[in-house]
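Working notes, structure below.
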Amino acid sequence: MHNSMTFPTPLSTQLDPHQLRIDFPILQTTAQGGMPLVYLDNGASTQRPQMVLDSMNDCYSRYYSNVHRGIHSLSETSTHAFEQARQTLADFIHAASAKEVIFTAGTTAGINTVARSWGDQNLRSGDMIVLTMAEHHANIVPWQQLATRTGCELVFLPIDRQGHVDAEQMDLLWQRHAERIKLFAFTAVSNVLGTINPVQRWVQRAHQIDAIALVDAAQAAPHMTIDIQAWDADFVVFSGHKMCGPTGIGILYGREALLEAMPPFLGGGAMIRSVTTQGFTSADLPEKFEAGTPPIVEAIGLATAANYLSQVGLPAIHAHEQQLTQLAHELLTQIPGLRLLGPEEPTEKGGIVSFVIAGLHPHDISQWLDMDGIAVRAGHHCAMPLHQSLEISASTRASFYLYNTAEEIEKLATGVQRLQTKVTGGGRRRRSAT
Ligand code: PMP
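Shown next as structure tokens:
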């Protein structure tokens, strides 16, 4: 512990991360060099509790079969479990109907589905799509591709120094282009700045001008209660692997009337009602958007993960992460030359803390922390336009989850502080972060 760093009194939390850690086999392992593993890369992907692994293993070992196809009893059992998983996810996000819950490969696949299907059907040259400057590439590139296909235009709302969308610019855009804006696609929580956006208000603003609202909930669904009906959003997407579930699965929620009107994106088995040599007719929702063999076991694992998170309690998870963020802010801001990105106020953020340090490259910070068993992410975090607008090429990001502890945040801050002292004390010269 560096002697110039002041540690606040321990935080009281509504959940006990030490107890929850026992559920996660990987957190019982050590990092390279025998250090305890300090996993602070949850924004990229989280770890899984034993019960998620068990539910998947159980399916493969006892009742696995393809779904919706066979009349044999194994297929009926796996179909039932798969559809039960869909209902669990619908309940998790408070969707009105399980028909509105489409299994995809993840957030990226969900957004591409909307861009290809709804976008190609509805957008024309002269139409406008509004994004924020803080979007992940998954919520930029599919719209750029759509713009190339249709001639529609993309507009990026700038982010102010406090990590919020510039409200005046938004008002101006709405006044000037109400007729042209057809889609407002934005992240609920920034994967770099941690900013929690006012989803409900922004959806209302989209609807006021008859535009569609798509919410990227990749960094929200795992960490806070999501009520799709309260949000009133038209499309919502998120990924299983960021919420204690498996990779290769995610959710595309779509308002039923919109999904009904949209053409299927991928064609093949399962998404059809009938096929002749002349053509095909589409299956009903949700199969219409689930061509081919779906991620069956992954859906079952994801439903177990959703149940696990609900049992722990999403409000408690969110409160715990905000406490960790507050501690991280308090400790990291004591380090000379360190600049936090995004809101200074932890209550405006999820459990994401990104920073830059004058004279230290994020890759070096990450490598240095790795030697202490601390996993953080360095780079542009798939948000290059945001980094360009901040006039930096990269940042270091620590991102928290229910199993992270105050001691881990202290280890992070101590590690960064030691590196900063070493470098400013005449250590080897490093590349600049900017
Ligand atoms: N949007 C946001 C805000 C994200 O953080 C991520 C993952 N980093 C994605 C989209 C893409 O998710 P996936 O890679 O699971 O498709």
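433 is the number that numbering that gives the first Met the number 0 gives the last residue of the sequence shown; the numbers go up by one with no jumps. Each residue gets a CB set at the ideal place from its N, CA and C atoms; glycine is no exception. None of these values were measured; they are calculated from a predicted model.
- Runs of the alpha helix (DSSP H) lying entirely within the region 82–154, each at least 4 residues long, are 106–113 and 140–149 in chain order.
- Bounds of the alpha helix (DSSP H) holding Tyr307 are Ile295 to Val311.
- Between the alpha carbons of His79 and Tyr63 lies a gap of roughly 11 Å.
- Note on the region 52–82: there is no whole beta strand (DSSP E) run with a minimum of 3 residues.
- Distance between Ser353 and Thr106, taken at the CA atoms: about 22 Å.
- Looking at the DSSP output, Phe237 shares a beta bridge with Ile250.
- Using a Cβ distance threshold of 7 Å, Leu213 and Lys98 do not count as a contacting pair.
- Put simply, the backbone Cα of Arg179 is about 14 Å away from that of Thr149.
- For Phe399, the three-state secondary structure derived from DSSP is coil.
- Contact between the region 209–224 and the region 335–355 is present: 3 or more CB-CB pairs across the two stretches fall below 8 Å.
- Membership of Lys181 in the beta strand (DSSP E) is indicated by the continuous run Ile180 to Thr186.
- Counted as a single uninterrupted DSSP element, the alpha helix (DSSP H) harbouring Leu172 occupies residues Ala166 to His176.
- For Gln174, the shortest separation between its Cβ and any heavy atom of ligand 1 does not lie below 6 Å.
- In the structure shown, Phe288 adopts helical secondary structure according to DSSP, grouped into three states.
- At a threshold of 6 Å, Asn111 does not count as near ligand 1, since its beta carbon sits no closer than that to any of the ligand's heavy atoms.
- By the Cβ test, the region 400–417 is in contact with the region 364–373, since at least three Cβ pairs between them sit closer than 8 Å.
- Under the three-pair Cβ rule at 8 Å, the region 322–339 counts as touching the region 398–413.
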